[in-house]
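Presented below is the structure to which this report refers.
Residue numbers (UniProt numbering), protein chains in the order written: chain A, 1 to 91; chain B, 1 to 243.
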């Protein structure tokens with residue numbers, strides 16, 4: 001199935017504004033983020049050494065925030081959209 | 001609360017009294033707002049709040065003006081480089097809007113100063129540039145039951161939410177741990193957008209107009225022109241707001 005991942009701020013700089021990924025049926029939000037992160041040097045922006053989504057990453061799915069720790073428990077459907085945003089800090 | 005100068009007859013507020021009424025204008029004039037940060041967000045937020053007729057602005061910032069601030073921090077002029085930001089902000093705002101009383105605190109926010117600063121405020125504008133100070137000030141505001149209008153920016157992006165004690169999730173529910181710190185690039189207009197929205201949130205709250213951006217995080221992306229709203233919920237065992 002196909003999912004779209006939209007990135008903002010420094011995640012966009014690393015992974016592009018909007019990417020489509022083909023992932024197996026029944027994949028979770030975590031699977032989709034892992035597919036986006038890949039294995040390049042920017043992967044560590046999104047995932048830690050245990051391949052979990054970093055705690056500061058804001059994951060938005062169907063208008064709601066998904067805690068990174070819960071990203072493995074939510075199965076995606078074809079054509080779903082995930083939004084990734086790093087909290088910004090400047091003032 | 002402050003009690004000064006507004007009589008309802010000033011032409012200065014004519015174009016907004018038609019929106020919020022004389023009662024609304026009086027509420028603005030009676031209000032004291034703490035503005036934490038006299039930088040990129042603080043410049044537009046303080047300016048629009050002063051121009052709207054807020055009675056008293058208390059501005060806190062321990063920083064001095066550097067040349068690299070001047071692409072966005074329009075309360076400060078080139079000749080003010082090296083001065084404390086709060087005094088420059090105070091002078092600019094009082095010249096622009098003689099109705100407003102501006103109190104300047106050239107101090108860093110810590111647990112003690114946060115409680116002291118919050119004490120007389122009706123609302124807080126979070127125009128800070130770091131999460132350490134944000135978390136301290138937010139917790140003090142939450143415990144005192146004072147609304148906290150959070151904004152933050154980076155590059156062409158910004159975020160905003162209004163935290164209303166007892167009705168919305170708190171800042172620690174939304175951002176449990178601070179994101180990694182690095183040198184922050186920012187386009188001046190990004191600060192203008194988010195800082196202006198913070199002023200709008202404050203005006204809406206004080207005059208009970210419209211609906212607040214509360215219980216949701218506004219994410220603004222200047223490069224695409226997109227705005228996203230992300231629903232937020234209370235976090236179990238939140239150290240700040242769990243009862």
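Think of the CB as a built atom: it goes at the ideal place given N, C-alpha and C, for glycine as much as any other residue.
Contact set between residue i and chain A, taken where Cβ atoms lie within less than 8 angstroms
i: residue 230 (chain B); result: 58, 60, 63, 64, 65, 83 and 85
i: residue 224 (chain B); result: 17
i: residue 179 (chain B); result: 56, 86, 87, 88 and 89
Inter-residue CB distance, residue i and residue j (contact presumed, cutoff 8 angstroms)
i: residue 66 (chain A); j: residue 29 (chain A); result: 6 angstroms
i: residue 34 (chain A); j: residue 15 (chain A); result: At roughly 12 angstroms, the Cβ-Cβ gap does not stay under 8 angstroms, so residue 34 (chain A) and residue 15 (chain A) are not in contact.
Straight-line gap, residue i to residue j (C-alpha atoms, nearest Å)
i: residue 116 (chain B); j: residue 58 (chain B); result: 12 angstroms
i: residue 25 (chain B); j: residue 87 (chain A); result: 34 angstroms
i: residue 20 (chain B); j: residue 27 (chain B); result: 10 angstroms
i: residue 3 (chain B); j: residue 52 (chain B); result: The predicted position of residue 3 (chain B) is uncertain, since its pLDDT is 47 and thus under 50; a value taken from the coordinates is nonetheless stated next. Looking at the two C-alpha atoms, the distance is approximately 16 angstroms.
i: residue 83 (chain B); j: residue 62 (chain B); result: 11 angstroms
i: residue 71 (chain A); j: residue 163 (chain B); result: 25 angstroms
i: residue 229 (chain B); j: residue 215 (chain B); result: 10 angstroms
i: residue 150 (chain B); j: residue 18 (chain B); result: 28 angstroms
i: residue 250 (chain B); j: residue 212 (chain B); result: Shown here, chain B extends from 1 to 243; a query on residue 250 (chain B) therefore has no answer.
i: residue 237 (chain B); j: residue 73 (chain A); result: 20 angstroms
i: residue 172 (chain B); j: residue 232 (chain B); result: 11 angstroms
i: residue 52 (chain A); j: residue 38 (chain A); result: 13 angstroms
Selection from the options that minimises the alpha carbon distance to residue i
i: residue 239 (chain B); options: B:32, B:142 and B:41; result: B:142
i: residue 91 (chain A); options: B:103, B:183, B:210 and B:93; result: B:183
i: residue 12 (chain B); options: B:50, B:216, B:46 and B:185; result: B:50
i: residue 127 (chain B); options: B:110, B:66 and B:196; result: B:196
i: residue 178 (chain B); options: A:57, A:79 and A:62; result: A:57
i: residue 105 (chain B); options: B:38, B:14, B:168 and B:224; result: B:38
i: residue 167 (chain B); options: B:77, B:209, B:242 and B:154; result: B:242
i: residue 50 (chain A); options: A:60, A:69, A:24 and A:62; result: A:69
i: residue 140 (chain B); options: B:110, B:158, B:66 and B:40; result: B:110
Chain-ordered neighbours of residue i on chain A, where CB pairs are closer than 7 angstroms
i: residue 176 (chain B); result: 55
i: residue 157 (chain B); result: 8, 9 and 88
i: residue 136 (chain B); result: Within 7 angstroms Cβ-Cβ: nothing; residue 136 (chain B) doesn't reach chain A, min ~14 angstroms.
i: residue 62 (chain B); result: Within chain A, no residue comes near residue 62 (chain B); the closest Cβ sits about 13 angstroms away, beyond 7 angstroms.
i: residue 127 (chain B); result: 91
i: residue 221 (chain B); result: 8
Chain A residues whose Cβ lies nearer than 9 angstroms to that of residue i
i: residue 152 (chain B); result: 87, 88, 89, 90 and 91
Task: Contact list for the segment 11-44 of chain B against chain A, Cβ threshold 8 angstroms - done: 37, 39, 40, 41 and 42
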